[in-house]
Amino acid sequence: MNITSFGDMAHNVFLRNRTAELKENLGTLTQELSTGKASDLNQRLGGDFTYLSDIERNLSRLESYKISATESSLFASSAQSFIAKIDSNAGALSDDILATTGVTNDNTTNLLSGQSRLYLEESIRALNGQAAGRSLFAGTATSAVPLADVDTLMSNLVTEVSGLTTAADIITEVKAWFADPTGFDAIMYQGSTTSMSSVNVGPNEQVDISLRADDEDFKQAMQSFAIGALATEPGLVLTVGVKGDLLAGSGTELLETRNRLTNVQADLGFTESRIEEAAIRNAAAMTSLSLTLNELTQADPFETATRLEETQFQLEALYSVTARSSQLSLLRYMS
1 MNITSFGDMA
11 HNVFLRNRTA
21 ELKENLGTLT
31 QELSTGKASD
41 LNQRLGGDFT
51 YLSDIERNLS
61 RLESYKISAT
71 ESSLFASSAQ
81 SFIAKIDSNA
91 GALSDDILAT
101 TGVTNDNTTN
111 LLSGQSRLYL
121 EESIRALNGQ
131 AAGRSLFAGT
141 ATSAVPLADV
151 DTLMSNLVTE
161 VSGLTTAADI
171 ITEVKAWFAD
181 PTGFDAIMYQ
191 GSTTSMSSVN
201 VGPNEQVDIS
211 LRADDEDFKQ
221 AMQSFAIGAL
231 ATEPGLVLTV
241 GVKGDLLAGS
251 GTELLETRNR
261 LTNVQADLGF
271 TESRIEEAAI
281 RNAAAMTSLS
291 LTLNELTQAD
301 PFETATRLEE
311 TQFQLEALYS
321 VTARSSQLSL
331 LRYMS
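Printed below as a string of structure tokens:
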């Protein structure tokens with residue numbers, strides 16, 4: 001009968017424990033080498049996670065600022081593009097009206113009035129514009145289409161000015177309808193009367209993009225085009241002279257429109273620059289914090305590779321000892 005001594009049992013227990021320890025170390029070092037992160041942060045940081053938590057919290061906050069800045073930048077640039085379209089049309093029509101001053105005939109009147117209606121329709125389409133599926137000019141009702149269509153606007157204006165025979169009276173009535181809360185605001189505007197709140201795009205940095213289609217500057221643009229469009233509206237019977245005066249009045253209103261839209265674009269451009277500057281500062285702060293985070297948590301790749309090689313060597317040496325003492329095969333040993 002073979003009898004295993006206590007010394008042999010202790011030796012075998014030692015070999016098994018040492019093997020398990022080396023295998024665990026091997027797995028840990030392999031993970032550190034592949035991820036670049038220290039496996040035991042508690043030991044690495046001396047049990048104090050305060051600084052690490054603060055860095056991670058700041059990185060999370062900066063990431064939210066990054067998202068807000070990206071969305072705000074898209075919102076502002078899209079709004080800028082739509083407003084630029086309205087301004088461009090206002091400039092083109094104003095120039096055309098000015099170029100035909102003193103030339104009053106049906107062909108010219110029909111052409112300019114048709115152009116006015118087209119630009120009015122394009123203005124409404126622009127103010128119904130969206131970015132990332134959200135309405136830009138509807139206030140907080142970002143899922144709403146802020147303005148009714150051009151036919152709704154023109155039919156209501158025709159009703160308001162019917163019976164008036166002078167361009168001055170018609171223009172006065174058009175302006176009154178756009179200014180009346182029961183006029184344009186009630187009939188045309190379908191968005192929210194609450195503007196969007198300011199957005200945090202950085203630490204202590206807020207931007208305001210509270211544009212709405214019922215803003216006075218945009219109503220000025222629409223009324224300018226509408227006055228010219230009324231000159232040839234089928235529901236009105238006007239003399240050639242009155243039609244010409246309406247177009248001249250439209251040209252005058254368009255000059256005011258351009259001044260207002262220039263100011264809106266300038267304000268929006270300033271907001272865009274603030275968003276860009278905030279994004280740059282945020283990116284720099286994130287880079288700095290990320291580097292600090294890596295210094296705190298990353299494993300030294302050279303040291304890890306060296307320890308991994310040493311552990312592999314120790315495991316191979318231990319296997320040799322174990323194999324000689326127990327006549328184990330490699331397959332059986334590793335199982």
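Note that the sequence shown covers residues 1 to 335 in full-length UniProt numbering.
All C-beta atoms, glycine included, are put in the ideal place defined by N, C-alpha and C.
Predicted, not measured: the structure shown is a model, and the values here were computed from it.
In this structure, how does DSSP classify residue i when only helix, strand and coil are distinguished?
i    : result
S135 : strand
V145 : coil
V199 : strand
Y333 : With a pLDDT of 49 at Y333, under the threshold of 50, the modelled position of that residue is not reliable, and the figure given next carries that caveat. Y333 falls in the helix class under three-state DSSP.
V207 : strand
Q130 : strand
F6   : Unreliable positioning characterises F6 in this predicted model, as indicated by a pLDDT of 47, which lies under 50. The coordinate reading is nonetheless provided below. Three-state DSSP puts F6 in a helix.
Just to confirm before moving on: does the CB-CB distance between residue i and residue j stay below 8 Å?
i    : j    : result
A213 : L120 : no
D245 : A167 : yes
A138 : A131 : no
T140 : A231 : no
L254 : L93  : yes
V158 : G241 : no
V207 : S72  : yes
I209 : M222 : no
F178 : G129 : no
S250 : S224 : yes
K66  : N282 : yes
I55  : T262 : no
L52  : L296 : yes
Would you call residue i buried or exposed, if buried means 16 or more other Cβ atoms sit within 10 Å of its Cβ?
i    : result
A76  : buried
A186 : exposed
R258 : buried
D87  : buried
A99  : exposed
S152 : The sequence as given places Thr at residue 152; Ser does not occur at that position. Counting Cβ neighbours within 10 Å, T152 comes out exposed, since fewer than 16 surround it.
T266 : Sequence check: residue 266 is Ala here, not Thr. A266 comes out exposed.
Y189 : buried
S162 : exposed
S116 : buried
Using only the alpha-carbon positions, how far apart do residue i and residue j sit?
i    : j    : result
I124 : M286 : 41 Å
A126 : I227 : 19 Å
G202 : L136 : 22 Å
L289 : E277 : 18 Å
L112 : A229 : 8 Å
E122 : N204 : 38 Å
I170 : L164 : 6 Å
L59  : S198 : 22 Å
V150 : A90  : 17 Å
T101 : G114 : 17 Å
I280 : R61  : 15 Å
N107 : T252 : 21 Å
T50  : R57  : 11 Å
E63  : S192 : 30 Å
V103 : F218 : 29 Å
A176 : A284 : 52 Å
F270 : K85  : 19 Å
R134 : E160 : 33 Å
P181 : K243 : 28 Å
A156 : L74  : The sequence given here has Asn at residue 156, not Ala. If you take the alpha carbons of N156 and L74, they lie about 35 Å apart.
L247 : T142 : 35 Å
R260 : L118 : 21 Å
I275 : N105 : 50 Å
T194 : G183 : 19 Å
Would you grab the beta carbon distance between residue i and residue j for me? Rounded to a whole angstrom, and I think it's under 8 Å.
i    : j    : result
A268 : A69  : Sequence check: residue 268 is Leu here, not Ala. Between A69 and L268 the Cβ distance is about 15 Å, and since that is not below 8 Å, they are no contact.
E256 : Q220 : 6 Å
M154 : E233 : 6 Å
Of all the CB atoms in chain D, is at least one closer than 8 Å to the CB of residue i?
i    : result
A278 : Looking for chain D here will not work: only one protein chain is present.
So does residue i have its beta carbon nearer than 7 Å to some heavy atom of the ligand FAD?
i    : result
A148 : The ligand FAD is absent from the structure shown, which contains no ligand whatsoever.
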